[in-house]
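Trainee:
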Amino acid sequence: MKDMMQDTDVLLSVRGLSKFYGVRIGCAEVSFDLFPGEVMGIVGESGSGKSTLLNCMAGHLTPDRGEVLFAGRDGGLRDTLRMSEPERRMLGRTDWAFVHQHARDGLRMNVSAGGNVGERLMAVGARHYGAIRDSAVDWLGRVEIAEDRIDDRPTAFSGGMQQRLQIARNLITGPRLVFMDEPTGGLDVSVQARLLDLLRGLVREMGLSAVIVTHDMAVVRLLADRLMVMKDGYVVESGLTDQVLDDPQHGYTQLLVSSVLQV
Amino acid sequence: MTDYNFAYLDEQTKRMIRRAILKGLAVPGYQVPFASREMPMPYGWGTGGVQVSAAVMTPEDRFKVIDQGSDDTTNAVSIRRFFERTAGVAVTEETREATVIQTRHRIPETPLEAGQILVYQVPIPEPLRFLEPSEVETRKMHSLEEYGLMHVKLYEDISQHGAIATAYAYPVMVQDRYVMDPSPIPKFDNPKLHSPAIQLFGAGREQRIYAVPPFTKVVSLDFEDFPFEASKADGACALCGVDNSYLDEVIMDDAGNRMFVCSDTDFCTTRRAQGHVGAEGVPS
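From first to last, the protein sequence lines stand for chains S and E. For this note's numbering, count along the first sequence from 1 and bump the result up by 133. For this note's numbering, count along the second sequence from 1 and bump the result up by 1139.
1. Let me confirm a value: residue 137(S) is counted as buried when at least 16 other C-beta atoms fall within 10 Å, else exposed. Which label applies?
2. Which of the three DSSP states is assigned to residue 1166(E) in this structure?
3. Using a Cβ-Cβ distance cut-off of 9 Å, determine whether residue 279(S) contacts chain E.
4. Note down, in chain order, every chain S residue with its Cβ under 8 Å from the Cβ of residue 1298(E).
5. What residues are listed by DSSP as bridge partners for residue 190(S)?
6. Which one or two residues does DSSP pair with residue 229(S) in a beta bridge?
7. Looking only at C-alpha atoms, which of 241(S), 281(S), 311(S), 159(S) sits nearest to residue 364(S)?
8. Among the candidates 1209(E), 1220(E), 1299(E), 1217(E), whose CA atom is the shortest distance from the CA of residue 244(S)?
9. Go to residue 101(S), then tell me how far its beta strand (DSSP E) extends in each direction, as first and last residue.
10. Just grab the DSSP bridge partners of residue 212(S) for me.
11. Roughly how many angstroms separate the alpha carbons of residue 1267(E) and residue 1305(E), rounded to a whole number?
12. Candidates 378(S), 361(S), 183(S), 306(S): which alpha carbon is nearest residue 339(S)'s?
13. Taking just the CA atoms, how far does residue 348(S) sit from residue 230(S)?
14. Which word fits residue 1286(E), buried or exposed, when buried means at least 16 other C-beta atoms lie within 10 angstroms of its C-beta?
15. On the three-state DSSP scale, how would you describe residue 1191(E)?
16. Starting from residue 1287(E), find everything on chain S with Cβ-Cβ shorter than 7 Å and list it in chain order.
17. Go through its chain and collect everything with a Cβ distance to residue 151(S)'s Cβ below 7 Å, but skip five positions before and after it.
18. For residue 1358(E), return the contacting residues in chain S, with the cut-off set at a CB-CB distance below 8 Å.
19. Assign residue 308(S) to one of two classes, buried (16 or more other C-beta atoms within 10 Å of its C-beta) or exposed (fewer than that).
20. Assign residue 1396(E) to buried or exposed, taking buried as 16 or more other Cβ atoms, counted over all protein chains shown, within 10 Å of its Cβ.
21. Please identify the residue among 207(S), 157(S), 166(S), 210(S) whose C-alpha is closest to the C-alpha of residue 185(S).
22. To the nearest angstrom, how far is it from the Cα of residue 236(S) to the Cα of residue 324(S)?
23. Measure from the alpha carbon of residue 1271(E) to the alpha carbon of each residue in 1256(E), 1288(E), 1194(E), then state which is nearest.
24. Going by beta carbon distance, what residues of the same chain come within less than 6 Å of residue 1361(E), once the five residues before and after it are set aside?
25. When the Cα atoms are used, what is the spatial distance from residue 361(S) to residue 144(S)?
26. Can you name the residues that DSSP bridges to residue 1401(E)?
27. What whole-angstrom Cβ distance do residue 1314(E) and residue 1172(E) have, given they're in contact under 8 Å?
28. Between 1317(E), 1341(E), 1262(E), which lies nearest to residue 1358(E) when the distance is taken from Cα to Cα?
29. Tell me the rounded alpha-carbon separation between residue 401(S) and residue 275(S).
30. Taking only three categories from DSSP, how would you classify residue 1406(E)?
31. Could you check what DSSP says for residue 1203(E) in three-state terms: helix, strand or coil?
32. Nearest CA to the CA of residue 1348(E): which residue from 1371(E), 1381(E), 1319(E)?
33. Please classify residue 1403(E): is it buried, with 16 or more other beta-carbons within 10 angstroms of its beta-carbon, or exposed?
34. Which same chain residues end up closer than 7 Å to residue 1184(E) when comparing Cβ atoms and leaving out the 5 residues on each side of it in sequence?
35. Secondary structure at residue 1283(E), three-state DSSP: helix, strand or coil?
36. Could you pull the DSSP bridge partners for residue 1330(E) from this structure?
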């Protein structure tokens, strides 16, 4: 259905993206469109190429083939891979956000929580301490971190808090597209549940589009509108999340769905 | 005469350093890599400054060296003697007399004039170093003018201390383009970076030279609601009585008595010779 929509509605369009590590395939011939407000889940086992794909889209890795088209605020799709480095970096701290699996990859561990959250604001030119601090307090509140922790370093935070801090740090500039790499990986289930709840709320409230890479079926079931299943670098199945999870067609997807432990 | 080539370094090396200096002057605040030589002194004792001084020195120059404002500390005395011996240049302790001044951690109180060259010894030229350990990354940040991180450091200062607590090596923006470490001068000296003199910065171990040409715009970074302040110890010099020069705190005894004196010895001596006497001074 959505394929029939106009090109101009697309927020992110990935076409024929391939990345090779020598003779090994990272990911191959991946194409999809992402629309505003939509959450795309990418699932697959370890080594299936989902993180490679995510990093290629976000500009952290240079793909060998393909295009990543993004609709800028001025309208019109632009190939982010052919952008100049300053433009791509600007995108990386305004319209895009990247949530790492390990919070310490996405945070400055020797800088206070407030400094972490305020960094993107200062990077785009905010020069008023009071205003930066107010925004930081606001965002810490939104991710359920108490205001009196604002001057503590992330090293003093629990894993779940670090992850929430990373999310606040990324969303403060009001991005339109968020890349998430296993955002709930390594957290215990009750913390995971609260984080997912929070993410779902923020995505709905801000109308965010997101690409979420995970191997956790429950995460995609909760968050993602659409789903892509990857195996050995290729997308083997894609469609609406409920459809794919309830009626898997590809043998590997069937295995994946049936492997989820029932409690 | 001496068995050394003029000013110790060979002519090819001096040419190489002059090229780096010229490039630095052409791109104010940009750190120019250069092939730093082994000098007959350990890294951290001014090897960068000495190489820059040697490259700009002519036989007609009058040379002055200060270390924390003082002409008579070990570092200043040995570097002054080094050039007396290897270049045979005249030396002086008077700021106004000198044509080349090598300095560690201070800018002289006496305003510099056109025609003078101030050479700074720089331990760590990269202002972003303690925020971003990767040299590849910091160079990219300079080339793309990505300086948000510098303000994160100032933000941290305010959140922890209630004010910008960075008191030395206070980062500056040079000619609206490059963020520069002015070497570990006290922030009291930052306004003097806008000067009619040529300012050259040499970092020997880190192999970088950078420069601030005369009358270049140099702005200390700050926040709108926490503006930059050139601070110094409260009080006046105990020897010469001046209240607007940068002061050293000297502990007098085990009972906690202390006195504040000008860190710039030449400035203080000149004033006392003019008859100024501070609270604990004696007429000279």
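For every residue, glycine included, the Cβ atom is placed at its ideal position computed from N, Cα and C. As the structure is a computational prediction, the values presented were derived from the model and not from experiment.
Mentor: A quick look at the data gives this:
1. Here residue 137(S) scores only 46 on pLDDT, less than 50, and its place in the model should not be relied on; the value that follows carries that caveat. Answer is exposed; the Cβ neighbour count stays below 16.
2. coil
3. no
4. 245, 247, 248, 266, 283, 284
5. Paired residues: none, contrary to the question.
6. 310(S)
7. 159(S)
8. 1299(E)
9. As shown, chain S starts at 134 and ends at 396. That puts residue 101(S) outside it, with no answer to give.
10. 202(S)
11. 14 Å
12. 306(S)
13. 20 Å
14. buried
15. helix
16. 252, 255, 256
17. 160, 161, 162, 196, 197, 198, 199
18. Ordered by position in chain S, no residue passes the 8 Å Cβ test against residue 1358(E), which lies about 12 Å from the chain.
19. buried
20. exposed
21. 157(S)
22. 14 Å
23. 1288(E)
24. 1367
25. 17 Å
26. 1386(E)
27. Not really, about 20 Å apart at Cβ, beyond 8 Å.
28. 1317(E)
29. Missing from the structure shown is residue 401(S); chain S here goes from 134 to 396 and no further.
30. helix
31. strand
32. 1319(E)
33. buried
34. 1214
35. coil
36. None, per the DSSP bridge assignment.
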